[in-house]
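Working notes, structure below.
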Amino acid sequence: MESARLSTQVSVYFRKTVRIAFRENCWKSVVFSVIIAFVAAAVANKDMFILYTATKSGLFTLASACIWIGIFNTIQSICKEHEIICADYRSGMKISAFVISNVLWQAIICLVQTLIIFFICRIFIDFNSDGIVLGYAPIEYIFTMFLLVFGSSMLGIMISSISSTPTTAMTIMPFVLIVQLILCGVLFKLDGVAEKISCITFSKWGMSAFGSIADMNTLEECLLPEDCYSHNAETLLYAWVWCIGISAVCILASGIILKIRNRNA
Amino acid sequence: MSESKKTGNPWDMRKEERDFFLMAGDILSAEERKDVAAGKTSIDPGERLLRYSANFGAGTAPTASAEAPKTIREPAPVFYAPGGFSKAGDLPGAATAKAPKIPDAPARKPAAAEPTPAGSGYKPAAVRRVTEPRPDRAPAIHVAIRKKTVRFGKKTLLRDVKFDAGYGDFMLILGGSGAGKTTLVRAILGESKADGKVLLDGNDLYSDFKKLKYQIGLVPQFLTLRVNDTVRNTVMDAARIKLDRMFSVDEIAKRVDSVLRKVGIKELEDSLICNLSGGQKKKVAVAVQLVGFQKIFICDEPDSGLDAASRQQLMDILKEISDSGKIVMIITHYPDDAIRLFTKIVVIAKSSADKAGHLAYCGNVADALSFFGVSQLQAIMKEINPRNEGGAGRADFFIGKYAEGVRR
Numbered sequence: 073m074e075s076a077r078l079s080t081q082v083s084v085y086f087r088k089t090v091r092i093a094f095r096e097n098c099w100k101s102v103v104f105s106v107i108i109a110f111v112a113a114a115v116a117n118k119d120m121f122i123l124y125t126a127t128k129s130g131l132f133t134l135a136s137a138c139i140w141i142g143i144f145n146t147i148q149s150i151c152k153e154h155e156i157i158c159a160d161y162r163s164g165m166k167i168s169a170f171v172i173s174n175v176l177w178q179a180i181i182c183l184v185q186t187l188i189i190f191f192i193c194r195i196f197i198d199f200n201s202d203g204i205v206l207g208y209a210p211i212e213y214i215f216t217m218f219l220l221v222f223g224s225s226m227l228g229i230m231i232s233s234i235s236s237t238p239t240t241a242m243t244i245m246p247f248v249l250i251v252q253l254i255l256c257g258v259l260f261k262l263d264g265v266a267e268k269i270s271c272i273t274f275s276k277w278g279m280s281a282f283g284s285i286a287d288m289n290t291l292e293e294c295l296l297p298e299d300c301y302s303h304n305a306e307t308l309l310y311a312w313v314w315c316i317g318i319s320a321v322c323i324l325a326s327g328i329i330l331k332i333r334n335r336n337a
Numbered sequence: 013m014s015e016s017k018k019t020g021n022p023w024d025m026r027k028e029e030r031d032f033f034l035m036a037g038d039i040l041s042a043e044e045r046k047d048v049a050a051g052k053t054s055i056d057p058g059e060r061l062l063r064y065s066a067n068f069g070a071g072t073a074p075t076a077s078a079e080a081p082k083t084i085r086e087p088a089p090v091f092y093a094p095g096g097f098s099k100a101g102d103l104p105g106a107a108t109a110k111a112p113k114i115p116d117a118p119a120r121k122p123a124a125a126e127p128t129p130a131g132s133g134y135k136p137a138a139v140r141r142v143t144e145p146r147p148d149r150a151p152a153i154h155v156a157i158r159k160k161t162v163r164f165g166k167k168t169l170l171r172d173v174k175f176d177a178g179y180g181d182f183m184l185i186l187g188g189s190g191a192g193k194t195t196l197v198r199a200i201l202g203e204s205k206a207d208g209k210v211l212l213d214g215n216d217l218y219s220d221f222k223k224l225k226y227q228i229g230l231v232p233q234f235l236t237l238r239v240n241d242t243v244r245n246t247v248m249d250a251a252r253i254k255l256d257r258m259f260s261v262d263e264i265a266k267r268v269d270s271v272l273r274k275v276g277i278k279e280l281e282d283s284l285i286c287n288l289s290g291g292q293k294k295k296v297a298v299a300v301q302l303v304g305f306q307k308i309f310i311c312d313e314p315d316s317g318l319d320a321a322s323r324q325q326l327m328d329i330l331k332e333i334s335d336s337g338k339i340v341m342i343i344t345h346y347p348d349d350a351i352r353l354f355t356k357i358v359v360i361a362k363s364s365a366d367k368a369g370h371l372a373y374c375g376n377v378a379d380a381l382s383f384f385g386v387s388q389l390q391a392i393m394k395e396i397n398p399r400n401e402g403g404a405g406r407a408d409f410f411i412g413k414y415a416e417g418v419r420r
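As they're listed, the protein sequences go chains A and B. In case it helps, this note's numbering puts the first sequence at residues 73 to 337. In case it helps, this note's numbering puts the second sequence at residues 13 to 420.
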């Protein structure tokens, strides 16, 4: 007996994921993002997009909020279902179908959360309007935020796949968040190994993309312009590609980890 | 979509599909059979295709009789039950309808390790449907484990466990805590491979694991269901994953309806699993496995946490599944509740010499009671359990006694 095709399985598991998410009150994660966005936007300085330091702090807060929301979406999603996944796998489920269906659902959730974060921030912050690649800066901000929230969600899925229990996952999460914040290059200047490791953090590339869109190097009080904030297409696309790449690696790693966990099932 | 979907005729299926399909005699409930026999209802071709295998055994479904392969039912065997022997037809879950016997149908060979003492008044064969064409009576599953070790071979969990089972067997796996029952189940499932062989219809499970693993269904001790989904969606999703390449969505939906009815949870189909009782959840777990045409069901303590009535009901359902031509293996700590239902019993006991689980008995229930000199299955556990666990500590004696019996 052959189990169903990948497309059928993705469809079955996607609908199952959506059904269960609504029954488990997925609106809570949306409310959660509303609260975080309000807090982040409210503390943003009035001089954001005028002064370099105010802009850098504001965008750092925004990037951190996106990463926090993203990881929180998925940190417990897989680890609480390991035994169910094992049973389903034994019955013919393809791990790839399960992972893809989760990724698709997260993409939708993350998009909704991104729009919420952006429009709440817009109440408090006047974003600049001249974009680099997409012509209109707010769209580029939204896309960058989406990449950060979605990428962090995928990081959460990966951690959840590794963790055997929700408790383990929740223990790992703060460490991951701290690493993301420290290695983004805003709080400390990074050199050597730390700089290399920072290349695999969403926070670094998120800040680079935000800084590039905001044209931070030309803002007042910018004493030392940084290449990663250059207002050009190359810098922005480079940051986006890194975010997409890290997300893809996280998705792939989740699939491989789940496959290994269930290799004997 | 295969040709069979268009014609509704199973004989238009590819051979392997058909063979597989024929193993799945589990669909019609007793009430439905009566209705069909009385002409109160008919089954459309698509549904008949799905229910086909259930009809051919009972010989009571006129709508399917033209297409059904010849079927025989062995004469009602005598079962041991507390307080005396009873006929299979008197048992709950045992179908009473008779089909014409084909004289030249080969009889099932008793298992090699199945002692059948003369004059005991007990016939080991259970109610068993025999379909044509059928393999040459080779055991449907043959388990021969020389050794199962962990920690890089340092610790032996199982040693010299050998038994087989045929389609229709309702088998009890009995043993004390830590004797190796779950290890045995994991070895049979292929989850944790042992040094030995597990043959399914003559095919080695370990060497062709990816293909054969779907033929064994597991109802685990702890439920692996998403509690925020409805019963129907849970079973339907499982069916779509398992059957999508063989049947259309409509046919799968009918199959799901039949299975829900069969297991007795049709009226709960829109309920969330989290709102069900323990027994109902177990039934959902059984339905999830049953929907996929598995040949072998392994139930790891399916009755744990259930009250006596729910336990009995669940056992009757599982017995019906085995009667429909499947092998059901059960680990339970309440074996006496269903003593009259089991057709075979495997006892695993922990040897004090190597601390590994050994086969202490394999055979029918009546002989098992005689072998251990007890009147209840529960008492077997007391005999073989170590003294520090409240037992009589006679595991080594029975392991040796059984091994000696097999050698003779």
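Ideal placement from N, C-alpha and C gives every residue a C-beta, glycine not left out.
Cβ of residue i within 8 Å of any chain B Cβ
i	result
GLN148 of chain A	no
VAL84 of chain A	yes
ARG95 of chain A	yes
ALA159 of chain A	yes
LYS88 of chain A	yes
ASN336 of chain A	yes
ARG77 of chain A	yes
ARG162 of chain A	yes
ILE156 of chain A	yes
ARG91 of chain A	yes
GLU74 of chain A	yes
MET242 of chain A	no
MET165 of chain A	yes
Below-8 Å beta-carbon distance, residue i vs any chain C residue
i	result
THR80 of chain A	Judged by its chain identifiers, the structure shown contains no chain C, and its protein chains are A and B.
Any C-beta of chain A under 8 Å from that of residue i
i	result
GLY96 of chain B	For GLY96 of chain B, the predicted structure reports a pLDDT of 33, less than 50, and the residue's modelled location is therefore unreliable. A value from the coordinates is still provided. So, not an interface residue.
LYS225 of chain B	yes
SER283 of chain B	no
ARG267 of chain B	no
ASP256 of chain B	yes
ALA407 of chain B	no
Where residue i falls, given that 16 or more other Cβ within 10 Å makes a residue buried
i	result
GLY402 of chain B	exposed
ASN397 of chain B	buried
ARG406 of chain B	buried
TRP177 of chain A	buried
ILE332 of chain A	exposed
PHE175 of chain B	buried
PRO297 of chain A	exposed
PHE94 of chain A	exposed
GLY375 of chain B	buried
ARG194 of chain A	exposed
TRP314 of chain A	buried
TYR208 of chain A	exposed
ILE84 of chain B	Low per-residue confidence applies at ILE84 of chain B: pLDDT is 34, beneath 50, and the placement is therefore not dependable enough to give any value.
PHE191 of chain A	exposed
HIS423 of chain B	Absent from the structure is residue 423 of chain B, since the part of chain B shown begins at 13 and ends at 420.
CYS286 of chain B	exposed
Please list the residues of the segment 231 to 254 of chain B that have a C-beta atom closer than 8 Å to any C-beta atom in chain A, keeping them in chain order. PRO232, PHE234, THR236, LEU237, ARG238, ASN240, ASP241, ASN245, ASP249, ALA250, ARG252, ILE253 and LYS254
Whole beta strand (DSSP E) runs in the segment 297 to 328 of chain B with 3 or more residues, listed along the chain? 308 to 312
Is it true that the segment 301 to 317 of chain B meets the segment 245 to 252 of chain B, where meeting means three or more beta-carbon pairs spaced less than 8 Å apart? yes
Could you name the residues of the segment 193 to 225 of chain B whose beta carbon sits closer than 7 Å to any beta carbon of chain A, in the order they occur along the chain? GLU203, SER204 and LYS225
If you pair each beta-carbon of the segment 143 to 161 of chain A with each one of the segment 229 to 243 of chain A, do three or more pairs fall below 8 Å? yes
Closer than 8 Å between beta carbons: that is the criterion. Which residues of the segment 302 to 321 of chain B meet it against chain A? GLY304 and PHE305
Three-pair Cβ contact test at 8 Å for the segment 356 to 364 of chain B versus the segment 181 to 190 of chain B: yes
Should the segment 160 to 175 of chain B be called in touch with the segment 369 to 377 of chain B, which here means at least 3 C-beta pairs below 8 Å? yes
What runs of the alpha helix (DSSP H), each 4 residues or longer, lie entirely inside the segment 177 to 258 of chain B? 193 to 201, 221 to 224 and 243 to 255
Three or more C-beta pairs below 8 Å linking the segment 334 to 350 of chain B and the segment 234 to 247 of chain B: no
Name the residues in the segment 277 to 300 of chain A whose C-beta lies less than 9 Å from a C-beta of chain B; which are they? none
Does the contact criterion of 3 or more C-beta pairs under 8 Å hold for the segment 157 to 177 of chain A versus the segment 249 to 257 of chain A? no
Hey, is the segment 313 to 324 of chain B in contact with the segment 276 to 293 of chain B, meaning 3+ C-beta pairs nearer than 8 Å? yes
Mind pulling the alpha helix (DSSP H) runs of 4 or more residues that sit fully within the segment 239 to 281 of chain A? 264 to 270
Threshold first: 3 residues or longer. Then list the beta strand (DSSP E) segments lying entirely within the segment 367 to 406 of chain B, N to C. 369 to 375
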